[in-house]
Amino acid sequence: MNRFVLNETSYHGAGAIKAVPEEIKNRGFKKAFVASDPDLVKFGITAKVTDLLDEAKIPYVLYSDIKANPTIENVQHGVAEFKASNADCIVAIGGGSAMDTAKAIGIIITNPEFEDVRSLEGVAPTKNPCTPIIAVATTAGTAAEVTINYVITDVEKKRKFVCVDVHDIPVVAVVDPDMMNTMPAALTAATGMDALTHAIEGYITKGAWELSDMFHIKAIEIIAKSLRGAVANTAEGREGMALGQYVAGMGFSNVGLGVDHSMAHTLSAYYDTPHGKACAILLPTVMAYNAESTGTKYRDIAIAMGVEGVENMTQDEYRKAAVDAVKKLAEDVGIPTTLKGIVKEEDIDALAADAYADACRPGNPKDVTEEDIKALYRSLM
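Taking my numbering, the leading residue of the sequence shown gets 7, the next gets one more, and so forth.
Written out as structure tokens, the structure is:
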């Protein structure tokens, strides 16, 4: 049996944020808890939505104690602030950090037995849907607005942990490319490659099936056509990436990922490496490692990436072509090619152990050992 979980409602396209006040009113909510990271507040991105709330005379409180890799403390502080706010819904404005924080807050508000946060790791036995979330994306990468996943950093233990819970999915997703056009090129590149990693890992993961494959192969095609333009800040590129990352999220949220994400989570926990950048550096190498366990799927990936002449290639040739196309896209948008200057040799054993324990690792198409993970890290140093 396969299960598929998606938002109740989603809005797409320029100007989609205008639906936020209408959704709040139509759902009978009285006060919003706006969760957004401090940089978005500082540069006026959050205000694009809160100005609409002001115009609609919808009261709200703003919570911005959110880090790029949100921590247990961020979540616990947010829970206390939500309780004090008398709000009845959450409007999460941002990328993965704001939405992950909002999901954890919303889950704990309705399932207070998990207030320690750590107990939410994995598939926690929560009983109640979280406080309703309206999620407004400002990056084209994480697709957190449509996933049942969130990731929290345990600073004390130097690790990230993944939480998977059908109760945390936002009821409404708003994907408006106008909310993304101020992202700097480097962030656009990193988040875009994160989206491509979602699509490729989701397509080859052990849990993949026909319905998820449909989303993932289309997402690869859209991202391959759009990411260079998005980095150059063209309207077509931004619109394409806004859609492509969401389509990828519809798929991977329901079937899981692989060891690329496990290794990237660990890099972020140890060195505060931006998640998308870590995924992107790892992707070609991990793809090459997994190739022998992917059947004919790299043929589909190569075609979706725009490679010509795939129909005349041998299996080895189209697998290499798929990896090379991903590598070329990463290079074109300025992604580093190595982990030199990031990973320390003395941390390799601990990094590999944590990556092996990560919730994404079992979905990898090729069974992986800690020694394999060590070798993958070292190959990029």
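Every residue, glycine too, gets a C-beta built ideally from N, C-alpha and C.
Assign residue 167 to one of two classes, buried (16 or more other C-beta atoms within 10 Å of its C-beta) or exposed (fewer than that). buried
Mind checking which residues open and close the beta strand (DSSP E) that includes residue 179? Counting along the chain, the beta strand (DSSP E) containing residue 179 begins and ends at 178-181.
Opening and closing residue of the beta strand (DSSP E) in which residue 159 lies: 155-160
Those residues which DSSP pairs with residue 166 across a bridge: 159
At a cut of 8 Å, does the region 179-195 reach the region 133-147 through at least three beta carbon pairs? Because the criterion of three Cβ pairs below 8 Å is met, the region 179-195 and the region 133-147 touch.
Close beta carbons around residue 30, own chain, < 8 Å, minus the five adjacent residues each side: 38, 59, 62, 64, 95, 97 and 140
Name the DSSP beta bridge partners of residue 95, please? 38
Would the region 243-250 and the region 325-345 be scored as touching if the rule is three or more Cβ pairs under 8 Å? no
CB-CB under 7 Å to residue 12, same chain, minus the five flanking residues each way: which ones, in chain order? 152 and 256
Could you say which of 132, 285 and 147 lies nearest to residue 169 if we only look at CA atoms? 132
For the beta strand (DSSP E) holding residue 348, just list the boundary residues, first then last. Note, residue 348: premise wrong, no beta strand (DSSP E); not H, not E.
Which class does residue 77 belong to by DSSP, given the choice of helix, strand or coil? strand
Can you tell me whether DSSP reads residue 386 as helix, strand or coil? coil
What does a CB cutoff of less than 6 Å around residue 99 pick up in its chain, not counting 5 residues either side in sequence? 42, 52, 55 and 142
Whole alpha helix (DSSP H) runs in the region 215-297 with 4 or more residues, listed along the chain? List check, alpha helix (DSSP H) in window: 216-237, 241-261, 265-277 and 281-296.
Label residue 105 either buried or exposed according to how many other C-beta atoms from any shown protein chain fall within 10 Å of its C-beta, with 16 as the threshold for buried. buried
Can you tell me which of the three DSSP states residue 340 falls into? coil
Identify which residue in 92, 315 and 303 has its Cα closest to the Cα of residue 206. 303
Hey, out of 67, 14 and 48, whose CA is closest to residue 36's CA? 67
Cβ shell of residue 290 (< 6 Å), same chain only, five flanking positions each side left out: So the list reads 329, 332 and 333, once near-sequence residues are dropped.
Classify residue 103 as helix, strand or coil using the three-state DSSP reduction. Helix.
Using three-state DSSP, classify residue 12 as helix, strand or coil. coil
Boundaries of the beta strand (DSSP E) in which residue 25 is found, first to last residue: It is not in any beta strand (DSSP E) - residue 25 instead sits in the alpha helix (DSSP H) that spans 25-32.
My understanding is that residue 103 touches residue 149, with C-beta atoms under 8 Å, so please give their C-beta distance in whole angstroms. Going by Cβ atoms, the distance from residue 103 to residue 149 rounds to 14 Å, so no, they are not a contact pair.
My understanding is that residue 387 touches residue 349, with C-beta atoms under 8 Å, so please give their C-beta distance in whole angstroms. 6 Å
Here's the rule I'm using: 16 or more other beta-carbon atoms within 10 Å means buried, otherwise exposed. How should residue 296 be labelled? buried
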